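Numbering (the UniProt record's numbering), first residue to last: 1 to 457.
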């Protein structure tokens, strides 16, 4: 698996574990946890540095304003802060305090929101890992419960997907073939287990176009991401369920009588039945989405799988559709989907139905692809986030260095009442002032260094 080594010099603690050859096998399991810990720690450090930088900037502005007021007082011969100046200074200070309070309030709200998000991702991570473990346990010890686990998870994931996609205005994706197949699978399992036609269609579609969507849509096993976990469940669990029903379910003919009538898959019949089921879905999709809601789709208010793939210039489907004239793109897309569905069903018809080994190997391959994509997500995405954090840190350090250089004291005579200015404050050591002037508090850096006897050096 490829990974990015950018930033490994700074974040050496977690990334050195990727490079050590003599590290033990059990220690390598903590690499992701260390990486995530460093990632969140870097965000906390950035938050603290931003607060410190904002505080320093406000203090500098307040000091500059105060020094300007004192300089104007001395320049105009005034030795007491006038009421108007005092009122203006108080207003400035109150304004600065209000800004700081608003900034802290916004940061607090963001922090609480981030905590909620992290908690939700932890819950998703926990459920995804436990689901994977439970699935493996059921497959080995009680395969007759796999379809029950599938139903329970579908009752959780699918309604939540409907709610979330409706909230984001993505609900036109819910008309896609994968949701249609999942509903048909549940109908066969619980309502029509004796129908051989429905069984053949569900088997072909589940181990055909639905399973291959793991590769087509680049599904990723990212445990903390609810959306990615749901997408992977929709595409990979039906192939697993029908593989178990066909090859590993004890007494499957009693629970699913349709299997008695399908000892072997008849290629022509199987492809014809699945094509009929597919065409029913395609006609419904064409009527309710491409015709009745064409205005919303064309205006960009709604996104469909067709518009998504068309705009995906990196994918082969998007590049192929871009070469087709616009008036023929929808027809070409639907025809291409039909051909794709038939092609992906060929392994299920000719190989997988009669071989438990190759059927299991196929499901394992799909799972391996999702794990590979998930690993790429963790390494590549988090690696890019680390790079952005490093770049922000470099800019911040450069800004601090430049500010410190600009704030160095400079001496220079000024033709302004014969006063010498040091860092924008007058030197009054050679001037005779009235007693009231001595009450004015000057910045500490303008007082000349003195010996213990009080003589200036």
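The beta carbon of each residue, even a glycine, is placed where N, CA and C say it ideally should be.
The model shown is predicted, which means the values in this text are computed figures rather than measured ones.
Residue interval of the alpha helix (DSSP H) (run including residue i)
i	result
residue 147	146–167
residue 208	It is not in any alpha helix (DSSP H) - residue 208 carries neither H nor E in the DSSP assignment.
residue 255	252–255
residue 356	356–376
residue 233	226–243
residue 182	177–190
Residue i, buried or exposed, once every other Cβ within 10 Å from all chains shown has been counted against 16
i	result
residue 209	buried
residue 345	buried
residue 279	exposed
residue 372	exposed
residue 292	exposed
residue 161	buried
residue 300	exposed
residue 207	buried
residue 188	buried
residue 124	buried
residue 152	exposed
residue 117	exposed
residue 401	exposed
residue 288	exposed
residue 87	exposed
residue 155	exposed
residue 363	buried
residue 284	exposed
residue 183	exposed
residue 358	exposed
residue 126	exposed
residue 256	buried
8 angstroms Cβ shell around residue i - same chain, five flanking residues per side excluded
i	result
residue 25	Any reading at residue 25 needs caution, since the residue's pLDDT is 42, under 50, leaving its predicted position unreliable; the model's value is listed next. Here the set comprises nothing.
residue 463	For residue 463 there is no data in the structure shown, the boundaries of the chain being 1 and 457.
residue 276	201
residue 349	204, 265, 267, 270, 271
residue 370	214, 219, 220, 221, 232, 236
residue 415	For residue 415, the predicted structure reports a pLDDT of 49, less than 50, and the residue's modelled location is therefore unreliable. A value from the coordinates is still provided. Correct list: empty, nothing qualifies.
residue 143	244, 248, 249, 250
residue 120	226
residue 217	231, 235
residue 90	none
residue 93	62
Same chain, Cβ closer than 6 angstroms to residue i, neighbours up to 5 away in sequence not counted
i	result
residue 273	197, 200, 201
residue 128	223, 229
residue 157	230, 233
residue 205	181, 274
residue 259	252, 253
residue 329	321
residue 296	302
residue 185	202, 238
residue 212	344
Residue-level contact to chain B via CB, residue i, 9 angstroms cutoff
i	result
residue 187	Structure shown: chain B not included; a single protein chain is present.
Proximal residues to residue i (C-beta, below 7 angstroms), its chain only, five neighbours per side dropped
i	result
residue 149	134, 135, 138
residue 58	96, 100
residue 326	none
residue 226	124
residue 317	309
residue 262	196, 199, 200
residue 360	243
residue 177	209, 281
residue 483	Nothing about residue 483 can be read from this structure; the chain reaches only from 1 to 457.
For the region 389–402 and the region 234–243, state whether three or more C-beta atom pairs, one from each stretch, are separated by less than 8 angstroms. no
Given 8 angstroms as the limit, is there contact between the region 182–192 and the region 331–351, that is, 3 or more CB pairs closer than that? no
To test your reading of the DSSP string, which unbroken alpha helix (DSSP H) runs of 4 or more residues are found completely within the region 260–345? 267–285, 294–299, 305–311, 316–322
Contact the region 308–318 vs the region 371–391: 3+ CB pairs below 8 angstroms: no
With contact counted as at least three CB pairs below 8 angstroms, one residue from each stretch, are the region 349–364 and the region 243–254 in contact? yes
Given 8 angstroms as the limit, is there contact between the region 293–305 and the region 169–183, that is, 3 or more CB pairs closer than that? yes
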